Amino acid sequence: MKLRINHVIIWVAALAVIACALLVYEKFFLWKVQEMNLFQSTPLFFRQEMIVPGGFLSYVATYLTQYLHYPWLGVLMLMLCWLFLMWLTKRAFRIPGKWATLMLIPVVLLLLTIVDMGYWVYVLKLHGHFFVTTLGAILVAASLWAFRCLPQKYHLRAILIVVTAVVGFPLAGIYGIAATLLMGIFAWRLESKGRSAIYCILAILMAIAIPLVYYRYVYHETNLANIYWAELPLFFIQENYHNYYIPYYLLALFYAIVQTNEGFRALN
Numbered sequence: 262m263k264l265r266i267n268h269v270i271i272w273v274a275a276l277a278v279i280a281c282a283l284l285v286y287e288k289f290f291l292w293k294v295q296e297m298n299l300f301q302s303t304p305l306f307f308r309q310e311m312i313v314p315g316g317f318l319s320y321v322a323t324y325l326t327q328y329l330h331y332p333w334l335g336v337l338m339l340m341l342c343w344l345f346l347m348w349l350t351k352r353a354f355r356i357p358g359k360w361a362t363l364m365l366i367p368v369v370l371l372l373l374t375i376v377d378m379g380y381w382v383y384v385l386k387l388h389g390h391f392f393v394t395t396l397g398a399i400l401v402a403a404s405l406w407a408f409r410c411l412p413q414k415y416h417l418r419a420i421l422i423v424v425t426a427v428v429g430f431p432l433a434g435i436y437g438i439a440a441t442l443l444m445g446i447f448a449w450r451l452e453s454k455g456r457s458a459i460y461c462i463l464a465i466l467m468a469i470a471i472p473l474v475y476y477r478y479v480y481h482e483t484n485l486a487n488i489y490w491a492e493l494p495l496f497f498i499q500e501n502y503h504n505y506y507i508p509y510y511l512l513a514l515f516y517a518i519v520q521t522n523e524g525f526r527a528l529n
């Protein structure tokens, strides 16, 4: 119990420092983010968001972004999201209490996606980009927790892989696909070798096929070149600026490593 309380105190203290730094050094940036944001609580606005893959994630993100009009309130909501993400990640992968501070790694990476944005705030077309990655990470962690909690019988985990791809892609874009692929990796830890190989192949097939199916029959306003990257900011002006994607790569790598036996052996 004492160890559990200690890591929660560390989490809250770290988030308090981050919040203070954002409010002191990034106050104008926070104001500009909400100034460039648009949210309308109308059925028409909701339908307009849903015409692209991951539209629901952007809808929720734009709703949360409007609270940055009061920077302290928007930052508080962001910190609560990050605190929930850390708790969810720890539960999903059963991280020992002595390693709970490692849950700050995804928070730092998410922070980098915000503070490293700079003048891209004027260029990015992704609606709600300030909160999108955080909400996407929460969805991924929650999906993997659900995957762990399901029993092995009746192939329920295989069914969840399919459902996550089919439902997750239209709701959350690339984060639904990322959750599907990570389930395929997670299966190697939770299932027998034969079954885990089948689940992994299933996850790969679903991650490849589902976006193409939606592109063919549902989403006619999304370019085929961008169909797999829906809900990811496009740092492109005549050329791609790949350095801005590094925190996203590292975030995916973190979740890929932390759920493997090898990752835990390295920690111990």
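Taking this note's numbering as reference, the numbering of the sequence shown is continuous, increasing by one, and the terminal residue is 529. C-beta atoms are modelled at their ideal positions from N, C-alpha and C, and glycine is treated no differently. Everything numeric in this text was worked out from a predicted model, so none of it was measured.
What span of residues does the alpha helix (DSSP H) with T326 cover, start to end? Along the sequence shown, read from residue 1 onward, the residue named residue 326 stands at position 65. Note, T326: alpha helix (DSSP H), 316 to 326.
Starting from the Cα of V313, find the closest Cα among I435, L514, K414, T441 and give me that residue. In the sequence shown, the residue the question calls residue 313 occupies position 52. The shortest Cα separation from V313 among I435, L514, K414, T441 belongs to I435.
Indicate whether L421 and A407 have their beta-carbon atoms separated by less than 9 Å. Counted from its first residue, the sequence shown places residue 421 at position 160. Counted from its first residue, the sequence shown places residue 407 at position 146. Result yes, Cβ atoms of L421 and A407 sit closer than 9 Å.
So who's on the other strand from F306, going by DSSP bridges? On the sequence shown, residue 306 is found 45 positions in, with the first residue counted as 1. In the DSSP output, where bridge partners are listed per residue, F306 has none listed.
L400, buried or exposed, once every other Cβ within 10 Å from all chains shown has been counted against 16: For the purposes of this step, residue 400 is identified with residue 139 of the sequence shown, where counting begins at 1. Buried is the call here.
Report the three-state DSSP secondary structure of N501 (helix, strand or coil). Reading the sequence shown from its first residue, position 240 is the one you call residue 501. Strand, per DSSP.
Can you round the beta-carbon distance between L276 and L344 to whole angstroms, since I take them to be within the 8 Å contact cut? Here residue 276 corresponds to residue number 15 of the sequence shown, with the count starting at 1. Here residue 344 corresponds to residue number 83 of the sequence shown, with the count starting at 1. Their Cβ separation, rounded to whole angstroms, is 6 Å, which keeps L276 and L344 in contact under 8 Å.
Which stretch, first to last residue, makes up the alpha helix (DSSP H) that contains T441? In the sequence shown, residue 441 corresponds to position 180, counting from 1. Where T441 is concerned, the enclosing alpha helix (DSSP H) stretches over 435 to 451.
Note the first and the last residue of the continuous alpha helix (DSSP H) segment covering V367. If you number the sequence shown from 1, residue 367 lands on position 106. The question names Val, yet the displayed sequence has Pro at residue 367. 365 to 376 is the span of the alpha helix (DSSP H), which, as asked, contains P367.
Let me confirm a value: R477 is counted as buried when at least 16 other C-beta atoms fall within 10 Å, else exposed. Which label applies? Taking the sequence shown and counting its residues from 1, the one referred to as residue 477 is at position 216. By the 10 Å Cβ count, R477 comes out exposed.
Measure the Cβ-Cβ separation of V427 and I471 and say whether it is below 9 Å. Translated into positions along the sequence shown, residue 427 becomes position 166. Translated into positions along the sequence shown, residue 471 becomes position 210. Yes. Within cutoff.
On the CB-based measure, 16 or more other CB atoms within 10 Å of its CB, does Y328 come out buried or exposed? One-based indexing of the sequence shown puts residue 328 at position 67. Looking at its Cβ environment, which holds 16 or more other Cβ atoms inside 10 Å, Y328 is buried.
Contact under 9 Å by Cβ, T425 with T394: Looking up residue 425 in the sequence shown gives position 164. Looking up residue 394 in the sequence shown gives position 133. In this structure, T394 does not lie closer than 9 Å to T425 by Cβ.
CA-to-CA distance, F306 to L451, given in whole angstroms: Within the sequence shown, numbered from 1, the residue matching residue 451 stands at position 190. Within the sequence shown, numbered from 1, the residue matching residue 306 stands at position 45. Each residue's alpha carbon lies about 42 Å from the other.
With distances taken from CA atoms, which of A403, A458, W449 is nearest G437? Position 176 of the sequence shown holds residue 437. For the residues A403, A458, W449, the minimum Cα distance to G437 belongs to A403.
Looking at the structure shown, is K386 part of a helix, part of a strand, or coil, going by DSSP? For the purposes of this step, residue 386 is identified with residue 125 of the sequence shown, where counting begins at 1. It is coil, neither helix nor strand.
Under a three-way DSSP split, which group does I356 fall into? By one-based count along the sequence shown, residue 356 stands at place 95. Three-state DSSP puts I356 in coil, outside helix and strand.
Applying the criterion that 16 or more other CB atoms from any shown protein chain within 10 Å of the CB defines a buried residue, is R418 buried or exposed? As a position in the sequence shown, residue 418 is number 157, starting the count at 1. Per the 10 Å Cβ criterion, buried.
Would you say the region 285 to 297 touches the region 311 to 325, given that touching needs at least three Cβ pairs under 8 Å? no
Between the C-alpha atoms of W449 and L396, what's the straight-line distance to the nearest angstrom? As a position in the sequence shown, residue 449 is number 188, starting the count at 1. As a position in the sequence shown, residue 396 is number 135, starting the count at 1. Using only the alpha carbons, I get a separation of about 26 Å.
Taking Cβ positions, are D377 and Y505 nearer each other than 9 Å? As a working mapping, residue 377 is identified with position 116 in the sequence shown. As a working mapping, residue 505 is identified with position 244 in the sequence shown. Yes, the pair counts as a contact, with Cβ atoms nearer than the cut-off.
Identity of the residue in A433, S457, Y331 nearest E310 by Cα: The residue labelled residue 310 in the question sits at position 49 within the sequence shown. It is A433.
If you compare alpha carbons, which of C281, Y460, A491, L463 is closest to Y475? Start at 1 with the first residue of the sequence shown, and residue 475 comes out as number 214. Y475 has its Cα closest to that of A491, out of C281, Y460, A491, L463.
Backbone secondary structure at T483 - three-state DSSP: Within the sequence shown, residue 483 is the residue found at index 222, counting from 1. Coil at T483, not helix or strand.
Thinking C-alpha only, which one of A486, I462, M444, V273 is nearest Q520? In the sequence shown, counting from the first residue as 1, residue 520 sits at position 259. It is M444.
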